[in-house]
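A.B. asks: Residue numbers (our numbering): 30 to 520.
The C-beta atom is built at its ideal place from N, Cα and C for all residues, glycine as well.
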Amino acid sequence: MGKNLTKRSEDYSKWYNELVIKANLAEMSGVRGCMVIKPYGFAIWEKIQAGLDKMFKETGHENAYFPLFIPKSYLSKEASHVEGFAKECAVVTHYRLKNSDDGKSIVVDEDARLEEELIVRPTSETIIWDTFRKWVQSYRDLPLLINQWANVVRWEMRTRLFLRTTEFLWQEGHTAHATRQEAVEEAELILNIYADFAEGHMAVPVIKGIKTESERFAGAEDTFCIEALMQDGKALQAGTSHFLGQNFAKAFDVKFATKEGKQEYVWATSWGVSTRLMGALIMTHSDDNGLVLPPKLAPIQVVIVPIYKGIEQLDAISKKIQPLLKELKSKDISVKFDQRDTHKPGFKFNEYELKGVPVRIAIGQRDLEQGTLEIARRDTLEKASIDMDKAVDHITELLAEIQESIYKKAESFRDQNIRSVDSYDEFKEVLEAHGGFIAAHWDGTAETEAQIKKETMATIRCIPLSGYEGKGSCMVSGKPSERRVLFAKAY
C-alpha cells in the first residue's frame, strides 16, 4: 500500500487533503460543501465526544436535544446575533414537492409555501432561549446547565474537510445563571475544560485568551478561546466559550424570581467545539508518512500483524498471542489482530502507519521460537524486540510515553514559533518569513486591528489571559498599550 503523500514542505494544503482522504477519515459528498465522515474518522470523533461528554457531566451539565429548524422571527429578536449569522443561513421556504407537469422530474409545490420561513440552525441560542423561558421560573431552577450534541449548517463558499464545511458536527452548551459572576465563572470553567481536553487527550498545546470585540461571537459580551498552532505556522481556533450577559434573556424574556421575590433576568453562557478539532489533531501531529494519533484518541491503539507462511504458522501465532490480546483488552487497551490473508504484511505496515496506530507489533516464526515480539512506535518509527512475558507492561508504558512525547514535540514547536516584535516592519518581516504567533503591542482600537488584517491577512487570535503583560507602544499607531496580543494568519 503506497502512501504517496505530498510532502508537507512542498504543499501543506495538498498534504492535508490527501491525508484525510487516504487515511479514510472523510470525503466530500454529493451535497455541495458537505462531507461524509467515514468509519475510521468517526471513531476518532466518538472518542473526542466521549472524553468531552464525561468532563461536562462531571461538572454538572446534562445533555438535551433541540429542533434543527428555527423560525425566522426568533433570529431577529437579538439584533447582533442575527447580523452575525444572516449571510450564512440556509432557509426552508416550502414543505412539499410534486411531479412536474411533464412527469419527468420533481418540482417544488408553490402552493406549499410556509407561512414563516424556517432557518436550518447555524447555532441554537434562539430556539434554546425560547425554551428556557418555560423552564426557568425561580432561583430554584438555576443554574440551568444544558449541552447538546448536534449538527449545524453555515453556508460556506470555500469548504475544506473538517476545517470548514457547510454542515458540521459539534457540541453546544447553553447555561443560565442567577448572577453575572456565576455566568462568567461558567464561561471560564468551560474554557479550562477545553484546554485540559486539548492538551491532555489531543496532545495539542493551546493558549487561552479573550477575543477582541470584532472577533467575538455574535451576541456575546466576551468570548474566551483556546488557540492552537499548526505545523504550517497558521493558527486554529480550537474552542470558544462565550459570556452572553443578559442579551438573550432580555430578547426572549427569561426571568426568574429571586429569594426576595423580585423578578430579574438570568445571565447566560454558550460554548462549543466542533469536528474542526479533527483538523487540529491531524495538522498538529501528523507527518509525511501519515497520521500520528495520540493513544487516548486512537481507535486502534495496538495492532498485531502476523508474519507467516501457511495456515499452520498462522494458527500457531494466533494461539500464542491470545493471552496477550486478552490481557491488553482487560486494561482497556484497544487492540486489533490483523490476520487477513488478502494483504501482505508490508501492505498492513503501511496501512497502519498511514492511519496513525500508535503501536504496531509484528510476530513471525522466529519470534515464536525466541518468545519475543517486534514492537514499533508510530511517532518515532523506532522498533524494539521485547520478550513476550514483558510485552503488556512495555506496551502500557509505551502508550503513555507516546502520549507525552507527541505533546512535548508540539509544545516545543509552538513555543519556538512565538516571536515578539516591536515595530510594524518587523511584524511584516516575521510574518512573511516564519508565520506562527507574533506577540505585539496593539492600541486596542478596531481601526488599527482592521488595518493590520487588511494589509497582512493576520488577525488578533486572542488577548492572552496571562504571560504577555507589560506596557509598550502599539506597533502601528505608537499609542500606549497595556500588553501584547497574539497575531497570526489562521484557518
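(1) Is it true that the CB of Ile99 sits closer than 7 Å to the CB of Ile156?
(2) Out of Trp158, Glu398, Pro328, which one is the CA nearest neighbour of Phe95?
(3) Could you check whether the region 350-368 touches the region 284-293, counting it as contact only if at least three pairs of C-beta atoms, one from each stretch, sit closer than 8 Å?
(4) Counting C-beta neighbours from all protein chains within 10 Å, is the total for Lys377 16 or more, i.e. buried, or is it exposed?
(5) If you reduce the DSSP assignment to three classes, tell me which class Met307 lands in.
(6) Cutting at 6 Å between CB atoms, please list the residues of its own chain near Val334, excluding the five before and the five after it.
(7) Expressed to the nearest angstrom, what Euclidean distance is found between the alpha-carbon atoms of Ala327 and Gly473?
(8) Can you name, in chain order, every residue of its own chain whose Cβ lies under 8 Å from the Cβ of Glu139, other than the five neighbours on each side?
(9) Whole angstroms are fine: how far does the CA of Glu341 sit from the CA of Arg369?
(10) Fully enclosed by the region 215-240, which beta strand (DSSP E) runs are 3 residues long or longer?
(11) Beta carbon of Ser452, beta carbon of Met504: below 7 Å?
(12) At the level of alpha carbons, what is the spacing between Gln470 and Leu494?
(13) What does the alpha-carbon distance come out to for the pair Lys76 and Ser129?
(14) So, helix, strand or coil for Asp459, using DSSP?
(15) In this structure, how does DSSP classify Lys483 when only helix, strand and coil are distinguished?
(16) Can you tell me the Cβ-Cβ gap for Asn276 and Glu107, rounded? I've got them flagged as a contact below 8 Å.
(17) Hey, His230 and Ala249: beta-carbon distance below 7 Å or not?
(18) Should Ala257 and Leu265 be called a contact, given that it needs their Cβ atoms to be closer than 7 Å?
(19) Rounded to whole angstroms, what is the Cα-Cα separation between Lys437 and Lys284?
(20) Would you call the CB atoms of Gly308 and Phe191 closer than 7 Å?
(21) Short of 8 Å in beta carbon distance, which residues of its chain neighbour Met84, apart from the five on each side in sequence? Order them along the chain.
(22) Compare the beta carbon distance of Lys412 and Glu403 with 7 Å and say whether it is the shorter of the two.
(23) Using the Cβ count rule (16 or more neighbours within 10 Å means buried), how would you classify His372?
(24) Can you pull the DSSP bridge partners for Ile255?
(25) Here's the rule: buried if 16 or more other CB atoms are within 10 angstroms of the residue's CB, otherwise exposed. What is Glu87?
(26) Reducing DSSP to helix, strand and coil, say where Val213 ends up.
(27) What residues in its chain sit with their C-beta under 7 Å from that of Trp178, if we drop five residues either side in the sequence?
(28) Sort out for me which residues DSSP pairs Tyr294 with in a bridge.
(29) Roughly how many angstroms lie between the CA atoms of Ser502 and Gln445, to the nearest whole one?
(30) On a CA-only basis, which of Trp184, Arg512, Asp261, Ala479 is nearest Ala468? Give me that one, please.
(31) Within a Cβ cutoff of 6 Å, which residues of the same chain sit near Leu310, ignoring the five residues on either side of it in sequence?
(32) Around the C-beta of Thr152, are 16 or more other C-beta atoms found within 10 angstroms, so that it is buried, or is it exposed?
(33) DSSP three-state call for Asp472: helix, strand or coil?
(34) Any idea what DSSP makes of Asp170, helix, strand or coil?
(35) Using 10 angstroms around the beta-carbon of Asp408, count the other beta-carbons present and answer buried if the total reaches 16, otherwise exposed.
(36) Mind checking Met186: buried by the 16 CB within 10 Å criterion, or exposed?
C.D. replies: In short, the structure shows the following:
(1) Here residue 156 refers to the residue found at position 127 when the sequence shown is read from its first residue. Here residue 99 refers to the residue found at position 70 when the sequence shown is read from its first residue. Yes, Cβ-Cβ distance for Ile156 and Ile99 is below 7 Å.
(2) Within the sequence shown, the letter at position 66 stands for residue 95. Cα-wise, what sits closest to Phe95 is Trp158.
(3) no
(4) As a position in the sequence shown, residue 377 is number 348, starting the count at 1. Classification of Lys377: buried, given that the 10 Å Cβ count is 16 or more.
(5) Counting from one through the sequence shown, the residue named residue 307 turns up at place 278. The three-state secondary structure of Met307, taken from DSSP, is helix.
(6) Mapped onto the sequence shown, residue 334 falls at position 305. So the qualifying residues of the chain are Asp367, Pro374, Lys377, Ala391.
(7) Position 298 of the sequence shown, counted from the start, is the residue given in the question as residue 327. Position 444 of the sequence shown, counted from the start, is the residue given in the question as residue 473. Using only the alpha carbons, I get a separation of about 42 Å.
(8) As a position in the sequence shown, residue 139 is number 110, starting the count at 1. Closer than 8 Å at Cβ, skipping near neighbours: His123.
(9) One-based indexing of the sequence shown puts residue 369 at position 340. One-based indexing of the sequence shown puts residue 341 at position 312. Their backbone Cα atoms lie some 15 Å apart in a straight line.
(10) 236-239
(11) Taking the sequence shown and counting its residues from 1, the one referred to as residue 452 is at position 423. Taking the sequence shown and counting its residues from 1, the one referred to as residue 504 is at position 475. Contact: yes.
(12) What you label residue 470 is simply residue 441 of the sequence shown in a count that begins at 1. What you label residue 494 is simply residue 465 of the sequence shown in a count that begins at 1. Here residue 470 turns out to be His, not Gln, going by the sequence shown. About 15 Å.
(13) Along the sequence shown, read from residue 1 onward, the residue named residue 76 stands at position 47. Along the sequence shown, read from residue 1 onward, the residue named residue 129 stands at position 100. Roughly 46 Å between the two C-alpha positions.
(14) Here residue 459 is taken as the residue at index 430 of the sequence shown, counted from 1. Here the sequence assigns Val to residue 459, which means Asp is not the residue at that position. Note: Val459 maps to helix in three-state DSSP.
(15) Here residue 483 refers to the residue found at position 454 of the sequence shown. If DSSP states are grouped into helix, strand and coil, Lys483 belongs with the helices.
(16) In the sequence shown, the residue the question calls residue 276 occupies position 247. In the sequence shown, the residue the question calls residue 107 occupies position 78. Their Cβ separation, rounded to whole angstroms, is 6 Å, which keeps Asn276 and Glu107 in contact under 8 Å.
(17) On the sequence shown, residue 230 is found 201 positions in, with the first residue counted as 1. On the sequence shown, residue 249 is found 220 positions in, with the first residue counted as 1. Taking C-beta atoms as the reference points, His230 and Ala249 fail to come closer than 7 Å.
(18) Here the question's residue 257 lines up with position 228 in the sequence shown. Here the question's residue 265 lines up with position 236 in the sequence shown. A contact, by the Cβ cut-off of 7 Å.
(19) Here residue 437 is taken as the residue at index 408 of the sequence shown, counted from 1. Here residue 284 is taken as the residue at index 255 of the sequence shown, counted from 1. Each residue's alpha carbon lies about 48 Å from the other.
(20) In the sequence shown, counting from the first residue as 1, residue 308 sits at position 279. In the sequence shown, counting from the first residue as 1, residue 191 sits at position 162. Taking 7 Å as the Cβ cut-off, Gly308 and Phe191 qualify as a contacting pair.
(21) Here residue 84 is taken as the residue at index 55 of the sequence shown, counted from 1. The beta carbon of Met84 lies closer than 8 Å to those of Ile222, Asp225, Phe226 in the same chain, with the five residues before and after it left out.
(22) Stepping through the sequence shown from its first residue, residue 412 is reached at position 383. Stepping through the sequence shown from its first residue, residue 403 is reached at position 374. Contact: yes.
(23) The residue labelled residue 372 in the question sits at position 343 within the sequence shown. Note on His372: under 16 other CB atoms within 10 angstroms of its CB, so exposed under the neighbour-count rule.
(24) Stepping through the sequence shown from its first residue, residue 255 is reached at position 226. Looking at the DSSP assignment, Ile255 forms a beta bridge with Lys237, Gly268.
(25) Numbered from its first residue, the sequence shown carries residue 87 at position 58. Its Cβ having fewer than 16 others within 10 Å, Glu87 is exposed.
(26) As a position in the sequence shown, residue 213 is number 184, starting the count at 1. Three-state result, Val213: helix.
(27) Along the sequence shown, one-based indexing puts residue 178 at 149. Counting only Cβ-Cβ distances below 7 Å, and skipping sequence neighbours, we find Gln78, Asn92, Gln200.
(28) For this step, residue 294 is matched to residue 265 along the sequence shown. For Tyr294, which the question treats as bridged, DSSP gives the partners Lys284.
(29) Counting from one through the sequence shown, the residue named residue 502 turns up at place 473. Counting from one through the sequence shown, the residue named residue 445 turns up at place 416. Cα-Cα distance, rounded: 24 Å.
(30) Your numbering for residue 468 matches position 439 in the sequence shown. Taking only the C-alpha atoms, the option nearest Ala468 is Arg512.
(31) Translated into the one-based positions of the sequence shown, residue 310 becomes position 281. Once the five neighbours on either side are set aside, the close Cβ partners of Leu310 are Met231.
(32) Numbered from 1 along the sequence shown, position 123 holds the residue referred to as residue 152. When all chains shown are included, Thr152 counts as buried.
(33) Within the sequence shown, residue 472 is the residue found at index 443, counting from 1. In this structure, Asp472 counts as coil in the three-state DSSP scheme.
(34) Against the sequence shown, residue 170 aligns to sequence position 141. Helix at Asp170.
(35) For the purposes of this step, residue 408 is identified with residue 379 of the sequence shown, where counting begins at 1. Under this definition Asp408 is a buried residue.
(36) By 1-based counting over the sequence shown, the position of residue 186 is 157. Exposed, because fewer than 16 other Cβ atoms sit within 10 Å of the Cβ of Met186.
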